[in-house]
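Numbering (full-length UniProt numbering), first residue to last: 1 to 167. The structure appears right after this line, and notes come after that.
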């Protein structure tokens, strides 16, 4: 997961703390990536009367905190566009003013959840799996994100290094 690796790398920087939010409510995977044995996460926070401290997890990486996803949310669109979600993001940004917040979201072409949540993001990074996406899908993804401060693209799972590299 690019988001998890990015979060760990940023947390290892001296003066940077990171909050990683698993916003893929249809297929959350951050807890598995970090081997977390947890029962509550973002979906529970949005559906139940929980405190934020009830769902924030320290994964054992200095300077890093995770708001994991737990279980599939069939009503993900409603949860992501809810007033409680908007308040949560506002609170996180205010409470952790100097903290980098990374939102792991589902593939943009598979669900409208990304576009529903995109107003919460200061910027976006498009992640593509090498050889998996058609040119038309990439173009459409970039068009969907063009008004959402797209700062770059990462090509993931590439088996062949660029030809201009000698090592």
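The beta carbon of each residue, even a glycine, is placed where N, CA and C say it ideally should be. Fair warning: this is a prediction, and the values are worked out from it, not measured in the lab.
- Only residues of its own chain outside the window of five on either side were considered, and among them 50, 55 and 70 have a CB closer than 7 angstroms to the CB of residue 44, listed in chain order.
- Distance from the CA of residue 36 to the CA of residue 42, rounded to the nearest whole angstrom, comes to 14 angstroms.
- For residue 88, there is no enclosing beta strand (DSSP E); the enclosing alpha helix (DSSP H) covers residues 83–95.
- About 16 angstroms separates the Cβ atoms of residue 76 and residue 109, ruling out a contact at the 8 angstroms cut-off.
- Put simply, the backbone Cα of residue 18 is about 23 angstroms away from that of residue 79.
- Rounded to whole angstroms, the separation of the alpha carbons of residue 34 and residue 112 is 26 angstroms.
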